[in-house]
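Sequential numbering from 243 applies to the sequence shown in our numbering. Here the structure is laid out as structure tokens; the discussion comes afterwards.
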Amino acid sequence: MSDRKYNYCILLFLIAIIAVIIATGNIGNFINEKMFIYTYISLGLLVIFFVREIFSDEHGSNRIKILNLICFVFLIFGIIAYNGNLSQEYLNFIKNSRDGRTTKMVVNSKPSVVDNKQQEIENAKKEEVVINDENYISTLNDMYEHIDNYVGRKIKVQGQIFKSENMKDNEIAIGKYYMYCCAVDMSLTGFMINKDDNFKLVENSWYDIEAVISSHKYEMGPGQIIDEPILKIIDYKKIEKPANTLVY
243 MSDRKYNYCI
253 LLFLIAIIAV
263 IIATGNIGNF
273 INEKMFIYTY
283 ISLGLLVIFF
293 VREIFSDEHG
303 SNRIKILNLI
313 CFVFLIFGII
323 AYNGNLSQEY
333 LNFIKNSRDG
343 RTTKMVVNSK
353 PSVVDNKQQE
363 IENAKKEEVV
373 INDENYISTL
383 NDMYEHIDNY
393 VGRKIKVQGQ
403 IFKSENMKDN
413 EIAIGKYYMY
423 CCAVDMSLTG
433 FMINKDDNFK
443 LVENSWYDIE
453 AVISSHKYEM
463 GPGQIIDEPI
473 LKIIDYKKIE
483 KPANTLVY
């Protein structure tokens with residue numbers, strides 16, 4: 243088989259694989275939905291290269307080589323621009339790989355001057371926090387940054403129950419898999435729960451829970467203390483595993 247035929251087969255194979263992933267709707271299992279546009283662009287460029295390979299002469303021409311270079315540079319520039327736009331969002335989430343928490347570090351934090359009990363009473367009057375796939379990460383991040391605005395408020399959240407070996411006996415968590423860019427960087431991220439023996443939550447099972455937001459001090463390391471949100475369950479319901487288990 244000639245080199246030209248190898249090129250045909252490779253390009254056609256790549257086009258078919260990407261097209262099938264898109265057509266079946268499984269693309270979201272591999273990359274963040276914000277990256278979909280670049281997958282479509284890549285598919286379009288592969289089709290262009292395939293057509294070019296069919297109709298170009300054996301050695302190609304300078305014009306075709308320039309077109310290939312422009313397409314490649316455009317794709318790389320788009321990916322770099324995308325990562326630059328999301329870099330601050332990523333920095334806001336510092337993953338503590340020790341126990342699966344997603345936290346914002348507060349180094350040498352000063353004691354709060356707010357009357358916690360009074361703040362809790364005032365927050366209890368506020369609207370209930372309802373977590374969905376669209377606001378999952380942004381709300382979780384905001385809770386770590388402005389915990390005083392949340393303590394005492396009710397919250398509804400859906401997720402998978404999990405527990406790592408480094409969590410305390412009275413701690414579990416409810417969360418979903420967070421995908422920043424692609425499946426390689428996917429991690430289980432969620433809300434800490436104050437374990438209550440009255441509520442029998444089974445690990446790896448899925449639940450809808452209603453809880454009250456509280457907080458506690460958590461030491462990530464020497465001099466690294468955070469005010470970590472922790473939920474106190476009011477009610478819960480076991481559910482079937484949803485079709486989509488990812489948040490972006």
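Ideal placement from N, C-alpha and C gives every residue a C-beta, glycine not left out. Here the structure is a predicted model, which is why all the values come from computation and not from measurement.
{"Item": "Report the residue from Y392, N271, R294 and Q402 whose alpha carbon sits nearest the alpha carbon of D450.", "Value": "Q402"}
{"Item": "Is it right to say S354 is buried, meaning 16 or more other beta carbons lie within 10 angstroms of its own, or is it exposed?", "Value": "Confidence at S354 is low in this model, with a pLDDT of 45, below 50, so its placement is unreliable and the value that follows should be read with caution. When all chains shown are included, S354 counts as exposed."}
{"Item": "What are the start and end residues of the beta strand (DSSP E) that includes S429?", "Value": "S429 to N436"}
{"Item": "May I ask you to report which of helix, strand or coil DSSP gives G286?", "Value": "helix"}
{"Item": "Alpha carbon to alpha carbon, how far is K437 from D341? Give it in angstroms, no decimals.", "Value": "Bear in mind that the predicted position of D341 carries a pLDDT of just 43, short of 50, making it too unreliable to give a figure here."}
{"Item": "Check whether the Cβ atoms of G394 and V489 lie closer than 8 Å to each other.", "Value": "no"}
{"Item": "Starting from the Cα of A261, find the closest Cα among L288, Y250 and K276 and give me that residue.", "Value": "L288"}
{"Item": "Quick one: residues in its chain with C-beta nearer than 8 Å to the C-beta of I257, no 5 flanking neighbours on either side, listed in chain order?", "Value": "L285, L288, V289 and F292"}
{"Item": "Kindly indicate which three-state DSSP category E482 falls into: helix, strand or coil?", "Value": "coil"}
{"Item": "Would you report the Cα separation of E370 and L473, rounded to the nearest angstrom?", "Value": "13 Å"}
{"Item": "Nearest to S456 by CA position, among E445, Q466, P471 and E295, is which residue?", "Value": "P471"}
{"Item": "What residue from K418, F404 and Y422 has the CA that sits closest to L443's CA?", "Value": "F404"}
{"Item": "Apply the 10 Å Cβ neighbour rule to I468 and answer buried if 16 or more other Cβ atoms are within range, or exposed otherwise.", "Value": "buried"}
{"Item": "What separation, rounded to the nearest whole angstrom, lies between the Cα atoms of L430 and I263?", "Value": "24 Å"}
{"Item": "What three-state label does DSSP hand L488 in the structure shown?", "Value": "strand"}
{"Item": "Can you grab the Cα-Cα spacing for the pair E376 / Y420, in whole Å?", "Value": "12 Å"}
{"Item": "In three-state DSSP terms, what is S447?", "Value": "coil"}
{"Item": "Figure out for me which residue from I397, G417 and N408 has the closest Cα to the Cα of P484.", "Value": "G417"}
{"Item": "Considering E413, what are the terminal residues of the beta strand (DSSP E) in which it resides?", "Value": "E413 to Y420"}
{"Item": "By Cβ distance below 6 Å, which residues in the same chain neighbour K276 in space, the five residues on each side in sequence not counted?", "Value": "none"}
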